[in-house]
């Protein structure tokens, strides 16, 4: 059986991506955990390479907050910020093709036992509901009127899930959970400012994966987004954002088949980008 690897945040570090792919067996498949572009030296090259891999059937790419940021910039809803490195995509002759491809990527993937997301999963969601919620956002992004979704995507409220949520508020909560979540309360109220380690959340908030009795605790969850955690393995949760864009590593980790001990999963790493602003 061919191996499948989950891969952490690339953020436009095309040289690291190229080095990593050389180390992964050609018959294997890859799932990239979002934040494909931005902050690194070659967002355009990264996006083109990932698109090619996906079209070859070798990879799939989940959307992260930086990828949604690019879509909003392309749609004229946001402006580039100081550390952004997506201008090359906006000037590219294949810009429209790349953007169309990007907005047709998934927000989460699961085989029923393993789930991959960019940031986190709310404690009230089980595996099925997580995928169903992800599909709601995917459907909105793939419509001809997708700019309407992007125009209402940003904001920190509502900051808590309810099954009764509708329209843009419902989609915003789903998007924030899947692409921005780090800390929440035991009842699932989200907090979006804190970016440090596990013990540095505001009073009353804990890492989303430490919420007691969260409904995905029996699934194996792979996620990115939280570079200050580094490579993290605990309680059926694996964090793979190892700070590639900040001089860390780009990390791939094997996704197990049903018979493999999760403690023996293969890890492949390459050097990241020595960002000029890295402290």
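Numbering (this note's numbering), first residue to last: 35 to 313. All residues carry an ideal CB built from backbone N, CA and C; glycine is no exception.
Anyone know if the C-beta pair for residue i and residue j falls short of 8 Å?
i: residue 141; j: residue 172; result: yes
i: residue 163; j: residue 194; result: no
i: residue 48; j: residue 83; result: yes
i: residue 45; j: residue 218; result: no
i: residue 77; j: residue 119; result: yes
i: residue 42; j: residue 209; result: no
i: residue 176; j: residue 117; result: no
i: residue 228; j: residue 236; result: yes
i: residue 124; j: residue 80; result: no
i: residue 157; j: residue 245; result: yes
i: residue 281; j: residue 306; result: yes
i: residue 184; j: residue 232; result: no
i: residue 300; j: residue 262; result: no
What did DSSP end up calling residue i once you bin it into helix, strand or coil?
i: residue 44; result: coil
i: residue 298; result: helix
i: residue 70; result: coil
i: residue 283; result: strand
i: residue 308; result: coil
i: residue 313; result: Bear in mind that the predicted position of residue 313 carries a pLDDT of just 45, short of 50, making it unreliable; the figure below should be weighed with that in mind. Coil, per DSSP.
If you drop the 5 nearest sequence neighbours on each side, which residues of the same chain put their C-beta closer than 6 Å to that of residue i?
i: residue 97; result: 68, 139 and 141
i: residue 151; result: 142, 212 and 257
i: residue 226; result: 190 and 214
i: residue 203; result: 192
i: residue 314; result: Because the chain is modelled from 35 through 313, residue 314 falls outside the range shown and cannot be assessed.
i: residue 155; result: 164 and 250
i: residue 108; result: 133
i: residue 242; result: 154, 215 and 218
i: residue 37; result: 62 and 288
i: residue 57; result: 302
i: residue 248; result: 157
i: residue 304; result: 50, 53, 54 and 284
In the DSSP assignment, what are the bridge partners of residue i?
i: residue 267; result: 272
i: residue 288; result: 39
i: residue 65; result: 40 and 94
What residues in its chain sit with their C-beta under 7 Å from that of residue i, if we drop five residues either side in the sequence?
i: residue 114; result: 107, 120 and 121
Looking only at its chain, what residues have a beta carbon closer than 8 Å to the beta carbon of residue i, apart from the 5 residues adjacent to it on each side?
i: residue 238; result: 219
Which ranges does the beta strand (DSSP E) cover as unbroken runs of at least 3 residues, wholly within the region 193 to 258, from first to last along the chain?
254 to 257
Pick out the complete alpha helix (DSSP H) segments inside the region 113 to 180, 4 residues or longer, and give them in chain order.
121 to 125, 129 to 136 and 161 to 176
Complete alpha helix (DSSP H) runs within the region 72 to 113 (minimum length 4 residues, chain order)
77 to 89 and 99 to 108
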